[in-house]
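Position in the sequence shown (from 1) plus 47 gives the number in the numbering used here. Here's the structure we're looking at; comments come further down.
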Amino acid sequence: MNTASALNEIEVAVLQLMDEANSRESAPNEDIVQLRSKGSQNEAIPQTETENMSAIYRRAGVSGEEHTRLCREWYYGVNMPQKFMAICKKGGSRRAFAYRVLSNISKEVLRDQNGLERSYDITYFKETCYINYRVLWENIESFGRGLVELGISPNSRVAIYEETRWEWLATIYGIWSQNMVATTVYANLGEDALAYALRETGSRAIICNATNVPTLVRLVQSNRIPPLVIIYIGQLPPDTKSTHCRIISWLHVVDNGRLSDEPLRIPTDNDQVAFIMYTSGTTGDPKGVIHTHGSLMSGVTACADYVNELIGPYEEGESYCAYLPLAHIFEFGVVNIFLARGSFVGFGNPRTLLDTYTRPHGDYREYKPVFTIGVPRVYDTIKKTVESQLAPRGTLQRRIFEHAFQTRLRALKKGEETPYWNRLIFSPFRSMLGGKMKTMLSAGGPLSAPTQTFLHVVFGIMPQGWGLTETVCVGTKQVAGDMEPAAAGKQERTCEMRLLDVEGYKHTDEPDPRGEILLRGPFLFKGYYKQEELTKEVLDEDGWFHTGDVGSIGPNGTLRIIGRVKALAKNVLGEYVAMEALESMYAHNSLSMPNGVCVLVHPDRPYICALVLTDEAKVVAFTREHGLKGKYPEVLQDPEFQKKATASFQETARASDRQKFEIVRHVRLLSDEWTPENGVLTAAGKLKRRVIDEKYTDTIVSLFVEEC
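Next comes the structure, spelled out in structure tokens:
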């Protein structure tokens with residue numbers, strides 16, 4: 048017997064012993080079993096279908112009487128400022144917030160998974176600091192009173208332009224404690240959009256990071272925004288001064304408030320505006336989404352109902368890690384959900400979540416959260432981090448992982464759990480997320496099926512959901528045990544939904560009804576600030592919000608998102624191409640950067656093309672695998688490389704069972720970056736297709752001209 052045969056027999060024997068051990072511990076997955084025992088998740092209301100619209104859908108089991116009662120109670124009940132004050136008063140000396148003190152960021156040379164030496168920014172942290180509820184509420188009260196001492200009156204608008212940190216939450220509740228209106232702006236929204244929002248709202252003050260003060264001073268001095276009070280957090284850059292506006296530190300405002308005897312002015316009218324949240328549009332100026340205290344509380348309560356059902360009741364010591372922008376409605380809502388549960392909230396950053404480039408370890412390992420939310424590119428990064436830590440292909444360790452992965456995947460599909468494989472193979476990866484994670488939720492865009500399946504197996508079944516800023520993220524979300532890929536799931540209890548016929552997508556389509564998704568409920572926004580015509584376009588007389596998303600409803604009532612109406616392009620064959628869904632799928636290719644694919648559709652061509660961002664490590668690995676020559680980035684222009692790369696993306700599409708018209712004909716790899724800062728992405732990470740069309744006009748023309 049040769050050495051290879053002997054090793055193969057040993058491998059087979061090892062895997063057989065492991066399978067036997069797994070079989071002894073195998074048990075039903077209760078979430079999957081329970082889900083499969085139920086019927087439809089959403090149900091159509093009889094006799095509500097019209098000529099151009101589907102029937103109205105509600106969550107299964109919610110009667111009309113219950114729906115009406117909850118809509119009223121959740122809108123007109125205790126509002127968020129009232130509730131948060133009660134939470135803080137009750138919490139006392141218990142931990143509310145945690146944050147990590149930055150030591151330094153240094154450039155270090157590390158080897159990547161391909162053996163290449165690369166320079167990375169490594170973040171070092173000092174100790175973790177905690178803030179209890181009593182101290183938190185003292186800061187909230189004092190900050191609100193400090194705003195009044197600055198001459199800002201109730202109902203005035205105060206803007207927040209800062210990244211996620213504990214002061215952000217203290218600031219917005221401080222604003223509300225004096226019955227003022229908050230204006231929230233993404234910290235990476237860009238100078239023009241920021242100026243637009245401040246002009247449109249006439250904000251009396253803005254809270255921002257100290258590094259942004261010079262920009263704001265310049266905007267005031269150039270008359271691009273009206274004079275306002277600039278309240279900064281952090282260390283002010285040297286020589287920062289202005290004769291045009293007042294500049295004061297956040298801590299100084301709090302100190303002034305401590306000396307004030309101004310009364311609290313907690314809002315009592317839930318029809319009053321709570322905030323104007325600016326969203327980053329893919330075209331034109333940002334939109335100010337108006338929410339009242341009632342719509343905000345109704346939406347957060349609906350989402351809390353879902354989260355608490357998903358992860359179960361509060362357990363002593365549980366935590367949540369906030370890292371997405373708090374100007375993103377979902378992160379803001381989920382933070383408040385966990386504070387209401389009694390959890391403490393640790394503040395992190397997308398760059399420091401994992402251990403890879405963080406010392407002594409990442410935010411997840413530090414805070415040990417029980418739940419997390421993220422956008423697809425975050426989960427793509429987690430998947431790639433796990434893959435980078437696997438043993439090389441061909442080794443026994445890698446074969447064991449692959450065998451465990453496939454065995455567990457088959458078990459989950461049958462409704463079974465695998466305690467043995469979880470403990471032996473997957474627990475080290477789960478410790479990467481702190482070791483206490485019950486589940487993760489993806490939102491903000493379509494999560495690719497390969498990524499979702501991978502995370503199901505390695506970390507436990509993870510759902511994805513769909514909602515919008517205009518709905519406080521209420522919409523549909525997958526429930527525990529739901530493994531259906533690309534599904535957006537079940538409606539919240541106060542949510543009504545129907546489909547409106549649009550070109551190419553009809554509610555009479557077979558086998559599933561399709562159309563633009565309309566939503567109705569107490570969580571809906573009241574309009575776009577000072578944009579009456581745009582508001583009329585999306586909010587109709589019957590109270591339906593026209594979301595701009597196209598979806599389909601499956602036999603069990605669950606929603607699937609097809610894509611944005613504006614991101615559906617028609618080719619010469621009359622086929623509609625869902626560009627965002629395809630971009631999510633193609634981003635799974637080993638050459639692609641996260642969020643780095645732009646699918647191109649030509650109205651006079653029967654095929655699609657794509658622009659794809661890549662980097663040196665990915666290209667070097669690809670050229671080695673395919674025996675190609677050339678240095679990066681010059682090799683990107685090599686015809687043979689382009690041919691092989693295109694074939695790779697075509698294989699990615701075929702592996703996902705895509706139709707012929709969804710398979711790219713040509714691909715161009717780019718060494719560029721697409722960021723909100725350079726104007727190619729919105730603040731929420733969405734592609735600005737018009738900008739890409741202009742930036743890459745010649746390249747795009749060359750991709751399609753070959754087939755003339």
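We put the beta carbon where it would ideally sit given N, CA and C, even for glycine. These numbers come from a predicted model, not from an experiment.
Residues in the same chain with beta-carbon distance under 8 Å from residue i, minus the five sequence neighbours each way, listed in chain order, please.
| i | result |
| --- | --- |
| Met344 | Trp121, Tyr122, Gly124, Val125, Asn126, Met127, Lys130 and Asn317 |
Identify whether residue i lies in helix, strand or coil by the three-state DSSP scheme.
| i | result |
| --- | --- |
| Tyr654 | coil |
| Glu309 | coil |
| Phe172 | strand |
| Gln538 | strand |
| Asp66 | helix |
| Val727 | coil |
| His503 | helix |
| Trp184 | helix |
| Ile508 | coil |
| Ala664 | helix |
| Leu571 | coil |
| Cys645 | strand |
| Asn179 | strand |
| Thr230 | strand |
| Ile207 | strand |
| Trp721 | coil |
| Ser749 | helix |
| His713 | strand |
If you follow the beta strand (DSSP E) that residue i is in, where does it begin and where does it stop?
| i | result |
| --- | --- |
| His593 | Phe592 to Ile600 |
| Leu236 | From DSSP, Leu236 is part of no beta strand (DSSP E); its letter is neither H nor E. |
| Tyr104 | Tyr104 to Arg106 |
| Lys617 | Leu615 to Lys617 |
Note down, in chain order, each residue of its chain lying with its Cβ closer than 7 Å to the Cβ of residue i, except the 5 sequence neighbours on either side.
| i | result |
| --- | --- |
| Cys755 | Reliability of the predicted coordinates at Cys755 is poor, the pLDDT of 36 falling under 50, and no value is obtained from them. |
| Arg455 | Thr465, Trp468 and Val504 |
| Gly507 | Thr486 |
| Asp529 | Leu82, Pro510 and Gly536 |
| Leu400 | Tyr370, Gly409, Asp410 and Tyr411 |
| Met640 | Leu660, Thr661 and Asp662 |
| Ala351 | Ile384 and Ala387 |
From residue i to residue j, what distance separates their C-alpha atoms?
| i | j | result |
| --- | --- | --- |
| Ala242 | Arg271 | 7 Å |
| Ala206 | Asn186 | 18 Å |
| His635 | Pro650 | 26 Å |
| Ser366 | Ile429 | 20 Å |
| Lys334 | Thr326 | 6 Å |
| Ala374 | Leu717 | 31 Å |
| Val646 | Thr699 | 14 Å |
| Ala664 | Ser224 | 51 Å |
| Glu56 | Leu443 | 12 Å |
| Val61 | Gly677 | 42 Å |
| Val382 | Glu98 | 42 Å |
| Ser435 | Arg398 | 17 Å |
| Val232 | Val417 | 28 Å |
| Lys742 | Thr211 | 31 Å |
| Val659 | Gln94 | 48 Å |
| Gly481 | Glu413 | 7 Å |
| Gly237 | Arg204 | 20 Å |
| Tyr180 | Met132 | 10 Å |
| Gly610 | Ser631 | 11 Å |
| Ser489 | Gly421 | 5 Å |
Can you confirm whether residue i, when its beta carbon is compared against all beta carbons of chain B, has any partner nearer than 8 Å?
| i | result |
| --- | --- |
| Ser269 | Here there is only one protein chain, and chain B is not present. |
Suppose the cutoff is 6 Å on Cβ atoms and the five residues either side in sequence are ignored; what does the same chain contact list for residue i look like?
| i | result |
| --- | --- |
| Ala614 | Met626 and Glu627 |
| Ala240 | Pro333 |
| Val267 | Pro274, His291 and Cys292 |
| Ser101 | Arg545, Leu546, His554 and Pro560 |
| Ile710 | Gln697 and Ala700 |
| Leu197 | Val276 |
| Thr230 | Arg204, Ala206, Thr248, Ser250 and Ile323 |
| Ile152 | Asp168 and Thr170 |
Give the range of the alpha helix (DSSP H) segment to which residue i is assigned.
| i | result |
| --- | --- |
| Glu563 | Per DSSP, Glu563 belongs to no alpha helix (DSSP H); it is in the beta strand (DSSP E), Arg561 to Arg567. |
| Thr428 | Pro423 to Ser435 |
| Ser695 | Pro686 to Ala702 |
| Leu494 | Note, Leu494: premise wrong, no alpha helix (DSSP H); not H, not E. |
| Arg212 | Arg212 -> no alpha helix (DSSP H), and no H or E assigned at all. |
| Phe476 | Ser474 to Ser478 |
| Glu77 | Glu77 to Arg83 |
| Lys483 | Looking at the DSSP string, Lys483 is not in any alpha helix (DSSP H), and its letter there is neither H nor E. |
Whole alpha helix (DSSP H) elements within the segment 339–407, 4-residue minimum
340–358 and 376–388
Length at least 4, wholly inside the segment 235–318: the alpha helix (DSSP H) runs in chain order:
238–248, 260–268 and 297–305
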